[in-house]
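Beneath this line is the structure, given in structure tokens, with notes to follow.
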Amino acid sequence: MDKVICNVSSYNRPETLIKAIDSIYSQCDVINVALNSYDEIPIELYDKKINLLITDNEKGDAYKFTNLNISDGYFLTIDDDLIYPENYTKYVIDKIEEYNRKSIITFHGRSFNEFPINSYYNVKTNVSHFKSRLNEDIKVQFGGTGVMGFHTDLLKLDLNYFKYPNMADIWIGKYAKERSIDIVCSKRKKNFILQQDIDESIYGSYNRGDEIQTEIVNSIYENKEVSIIVPTFDNVEFIDDCVNSIIESCRGIKYEILIGIDNCPNTLKHIKTKSYNQNTKFYYFNENVGPYKIKNTLSLISKSNSLIFFDSDDLMRPNMVQNIVYKLKSYDCVKPKYGEFGENHRHNNNNSNNWGEGVFGIRKSIFSHYNGFEPWRCAADSDFMGRLTHNKVRMYLSQEILFDRRIHSKNLTLTDETGFMSEVRAKYIKISKSRTDFGPLPTLSVSEFKILDTELSVEYFEPIKNVKTNFDVKNHIPKDFQRKNKSSDISSTTESNKEISEVKNPVNYDQINQSLKTKRVYIPKKDEPSKQNKPDSRNDLFKLKKEISDIIKGFSPNETNVIKQTKSKPVIQNKNKVYIPKNIPSKRVDKNNDVAKIQKGSIAELANKMGFGDGKIKKGR
């Protein structure tokens, strides 16, 4: 019989989390709990059914889909602030089977009547709230992942698919739309699922600024024939000519122009003085990340399966877009021939045999499959083309000149820092030539941005946090990397094909867990919201917990890993489940044992020091 797997991601809400798990505990075979930014692990979570995963909150609610790729059975995702009825899993499973395991089942859904929308949360829409009665099943565009279930035969999804955190509903909706999977919002009675009291939900935090969500949703449902992506940095003297040439080339075609400003205040100031048509959108990147990360990021929100990457200092010829769009119906990638011109604007003739390397057209599905460009400062376009060529992707070389490449002192291929003779380019080329794996990159490398409202001034721009995807699924322990942003930061290994990263000293969660197992039930700090419940000094806390761990070794000879299941049975106390590990000392400890006396006294002393109780060892705890 298929297992019932329940996954939850919690951001420092121990009290509501425990209640949510208690409501569904007896209905599941396995419960995977992602503890995002928890400073202490509730002792109630040590149980044979429960797998604990220590995370850094970089993926947010997406961690509730951890281990999906290696799970088999009925997969249910829940929220840490809800209470589920006693027949919940049976009801979900029956619905999954009713739809022959071909649909995603949810109890909260959202659908939009028309696109584009101007706000994901605040636009007028059709919402079926999980607390409300629903008399019949309905299909929705986006389902609530806190009340969702499906069979793993239907989908296998990697965490890297979730490019931005706390948008799991949207990513699952996107995945379902791309694969023609129905999301069914199930009928139910009123208050079938109950809401716990909380300070603020994901909805509450994002409905005040949902630009990213809005862009992604529009990219799913608003269709364009072509998306032209243009990164720009300090090209204010060329950008307007470039945009005008693109618009001219797009005549008769349903298009969009996505221009990514690479943390350049001069460019931002320039476009605020200009007027652009509604098909031209600007995105301001809060860090200088280089053209390839910008291309990767904007491809994610593009609204067409036909992409054209273009440079902000070049000029399209009138037939370029139409030519590429037509050829992409038969080919996966189109490399346009180009001429060159300089300050005198004299174009080369049609005998040129130069084809674009960083300027080309490609099917979005192909670009996404290979996870785009390496996040390098230069040479990533040649590396990408090398991977396509190695995999024999269908490529077309145009027979006529389709654009004109401007030659000037700020070309990436001519500057001292990134030019053909530069050390940084030579190292990137060496990495490319040393490749042994020509498949997709580990992830699509994206960066933070702000959708530009030209009526706002520079100082009002607030960053959308970037997503790191350094999650070790094998060990369930996240690795925290800190990337360097300098152009000279090149990987010293050919295997990773990534810029240099520094690994911070990992927290010894084994040590923390060992001490927590011999402590009390979690008691939240007073007069402080749970999401801000952090100690003044993490080092001091870890030091104290290590002292506890050293003291209790006599009672706990076996080391316990955070993600290792701890065998114990639920004990009912005051009608609340408390899961007590077997190795906790009990009243059966030999009082004549001198070691036990010393240990008990030491624990009591440390407990007082940490502010737990009256310094006495309570029986059975």
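Residue numbers (this note's numbering): 322 to 942.
Ideal Cβ placement from N, Cα and C applies to all residues, glycine included.
In this text, all values refer to a predicted model and were calculated from it rather than measured experimentally.
Spatial neighbours of residue i within its chain, please: C-beta separation below 7 Å, excluding the five flanking residues on both sides.
i	result
LEU649	SER627, VAL655, GLY682, ARG684
VAL557	ASN587, THR588, HIS591
ILE645	ILE629, VAL655, PRO657, GLY682
LYS545	LYS575, TYR576, GLU577, LYS624, SER625
ASN712	PHE759
Based on the DSSP secondary-structure assignment, which residues constitute the bridge partners of residue i?
i	result
LEU649	BP columns for LEU649 are empty, so no partner.
PRO552	GLY581
CYS327	ILE352, LEU397
GLY660	ASP725
TYR604	GLY581, ILE772
ASN447	SER432
ILE491	Looking at the DSSP assignment, ILE491 forms no beta bridge with any residue, so it has no partner.
ASP710	The sequence given here has Thr at residue 710, not Asp. None, per the DSSP bridge assignment.
HIS472	TYR395
THR427	MET469, CYS506
MET956	Any question about residue 956 goes unanswered here, given that the chain covers just 322 to 942.
LYS460	VAL505
TRP676	LYS658
Cutting at 8 Å between CB atoms, please list the residues of its own chain near residue i, excluding the five before and the five after it.
i	result
PRO486	ASN378, GLU379, LYS380, GLY381, ASP382, ALA383, LYS786, VAL788
PHE694	TYR613, LYS614, LYS616, ASN617, ALA701, ASP702, ASP704, PHE705, SER766
TRP676	LYS656, PRO657, LYS658, TYR659, LEU718, SER719
ILE514	LEU403, ILE404, TYR405, PRO406, TYR409, PHE428, PHE451, LYS452, VAL468
MET716	TYR652, ASP653, CYS654, VAL655, LYS656, LEU709, THR710
ASP323	ASP393, GLY394, TYR395, HIS472
LYS602	GLU577, ILE578, LEU579, ILE580, ILE772, LEU773
State the CB to CB distance for the pair residue i and residue j, rounded to an integer number of angstroms; the pair is presumed to be in contact (CB under 8 Å).
i	j	result
THR535	SER440	6 Å
ASP635	CYS585	At roughly 18 Å, the Cβ-Cβ gap does not stay under 8 Å, so ASP635 and CYS585 are not in contact.
SER633	PHE688	Wrong, their Cβ atoms sit about 20 Å apart, outside the cutoff.
ILE504	VAL461	5 Å
SER330	LYS385	4 Å
LEU478	LEU389	5 Å
ASN607	PHE770	7 Å
ILE537	ILE622	6 Å
In its own chain, which residues sit with a C-beta less than 6 Å from the C-beta of residue i, not counting the 5 before and 5 after it?
i	result
ILE326	VAL351, SER392, GLY394, PHE396
PRO414	Correcting the residue identity first, residue 414 is Ile in this sequence and not Pro. Only TYR395 meet the Cβ criterion.
THR410	VAL325, GLN348
GLN643	none
GLU816	Confidence in GLU816 is poor, its pLDDT being 35 and thus under 50, which makes the residue's placement too unreliable to answer from.
ILE728	GLU661, GLY663
ILE550	LEU579, LYS616, LEU619, PHE630
GLU336	none
TYR346	none
Can you tell me the Cα-Cα spacing of residue i and residue j, whole angstroms?
i	j	result
TYR412	LEU723	59 Å
PHE433	VAL444	9 Å
ASP518	ASN600	43 Å
LYS624	ASN539	7 Å
ASN481	SER730	38 Å
GLN516	LEU579	40 Å
GLY430	LEU773	29 Å
ARG708	ASP758	9 Å
ILE339	ALA497	31 Å
ARG638	SER566	7 Å
VAL547	ASN640	14 Å
ASP318	TYR604	Within the shown structure, residues of the chain are numbered from 322 to 942, placing residue 318 beyond reach of any answer.
ALA489	ILE425	14 Å
ASP653	ASP561	30 Å
PHE554	ARG726	16 Å
ARG500	SER358	33 Å
SER686	ILE399	31 Å
THR446	PHE463	12 Å
ILE582	PRO552	6 Å
ASN328	THR387	8 Å
LYS511	LYS416	18 Å
VAL824	VAL610	Here the model assigns VAL824 a pLDDT of 33, short of 50, so the residue's position is not dependable, and the following value carries that caveat. If I take the Cα positions, the gap works out to 21 Å.
GLY494	TYR691	22 Å
SER743	LEU762	25 Å
TYR442	ASN674	51 Å
ILE342	LEU366	9 Å
ARG572	ASN598	13 Å
SER344	TYR542	37 Å
THR764	TYR332	24 Å
LYS484	ASN421	30 Å
Kindly examine the ligand GDP and report whether one of its heavy atoms sits closer than 7 Å to the Cβ of residue i.
i	result
GLY663	In the structure on display, the ligand GDP does not appear, and there are no ligands present to speak of.
So is residue i in contact with chain D if we call contact Cβ pairs under 8 Å?
i	result
ASN675	In the displayed structure, chain D is absent; only one protein chain is listed.
Exercise. Does the stretch 347 to 354 touch the stretch 443 to 460, meaning 3 or more C-beta pairs lie closer than 8 Å?
Worked result: no
Exercise. Does the pairing of the stretch 687 to 702 with the stretch 750 to 765 give three or more beta-carbon distances under 8 Å?
Worked result: yes
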